[in-house]
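**Student:** Per my numbering, the very first residue in the sequence shown carries number 4; after that it's consecutive. Glycine included, every Cβ here is placed at the ideal spot set by N, Cα and C. Values in this document were obtained by computation on a predicted structure and should not be read as measured data. Questions regarding the structure given below will be posed in turn.
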Amino acid sequence: FAGEELPMKNFDVRERLDREFLVNSYYHSNTLLSIKMAYRHFPAIEKILAEEGLPDDLKYLAVAESSLLNAGSHAGAEGVWQFLEGTGKEYGLEINDEVDERYHLEKSTRAACQMFRKLHERFGSWTLSATAYNMGASRLAQTIEQQRSNSFFDLNLSSETNRYLFRIVAIKEILSRPADFGFYLERSQLYPPLEKYKTVEVNGPVDNWGDFAKEHGTTYRLLKVYNPWLHSHKLTNKEKKTYEVRVAK
């Protein structure tokens, strides 16, 4: 994972990874959806990871977190990267009743990159960085201190976190060569990137996004599909910030 080898001679490691291959290979509908969504979202994520100088494998965390869907959790984590509100704001995302940039793929990916870099500086490995992303840096640091080990593979963690890295590795293998795991998809069955749009700069209030959509030759529905970070029917924008809104062509 991210250039770090798994200790496959360890029977416990082998069995934990095998479990995730079994679960993710036979969790058929969800895995199919992840393969389809990866075709849409991976190009943008890969580009940003490369620009930030971070391992390409980190894109698989987004699959593990959300199946690349703009999902919400009962704990309040939102978007493809599943940021909590406080964490999202810490890394520069705007989050309020009208705008939630946890749902902005590019901006949330940049924020995730900042977080990954900070975690790697603290823990020194990508396996532990991924673990901290899942369970929290403070809890991981406390666990490392209590258990006297700084190897993910030797730590005894919660059931979810124990499985997390192995799930990511299983997802990587399945998405990299889906046919080997029984997933056969034609390119026409994959969800293409949303590339056919023009960008409109908005630097004032918008009374109604439905009117805005109509004025720009699109629909309210498509406006929200291309801009899932718009979380209201309007934009107050008292500060007159500039927002780049994508309008489908």
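1) My assumption, with CB atoms under 8 Å, is that ALA114 sits in contact with GLY91. Please give the rounded CB distance.
2) Let's see if you can read the secondary structure: which residues bound the beta strand (DSSP E) around VAL1?
3) Our contact map puts ALA133 next to TYR167 with C-beta atoms below 8 Å; I'd like the distance itself, whole angstroms only.
4) Let me know if GLY56 comes out buried or exposed under the rule of 16 or more other beta-carbons within 10 Å of its beta-carbon.
5) For the stretch 177 to 194 against the stretch 214 to 230, are there 3 or more C-beta pairs whose distance is under 8 Å?
6) Ordered along the chain, which non-local residues of its own chain (more than five positions away) have a Cβ less than 8 Å from that of LYS252?
7) So for LYS244, helix, strand or coil by DSSP?
8) Leaving out five residues before and five after MET40 in sequence, what residues of the same chain have Cβ atoms less than 7 Å from its Cβ?
9) Can you tell me where the beta strand (DSSP E) with LYS12 in it begins and where it stops?
10) Identify, in the order they occur along the chain, each residue of the same chain with its Cβ nearer than 7 Å to the Cβ of PRO46, setting aside the five sequence neighbours on each side.
**Tutor:** In short:
1) 7 Å
2) Because residue 1 is not part of the residues shown, which for the chain are 4 to 252, the question remains open.
3) 7 Å
4) exposed
5) no
6) LYS199, TYR200, LYS201
7) DSSP places LYS244 outside both helix and strand once states are collapsed to three, so it counts as coil.
8) SER70, LEU71, LEU72, TYR194
9) Looking at the DSSP string, LYS12 is not in any beta strand (DSSP E), and its letter there is neither H nor E.
10) PRO196
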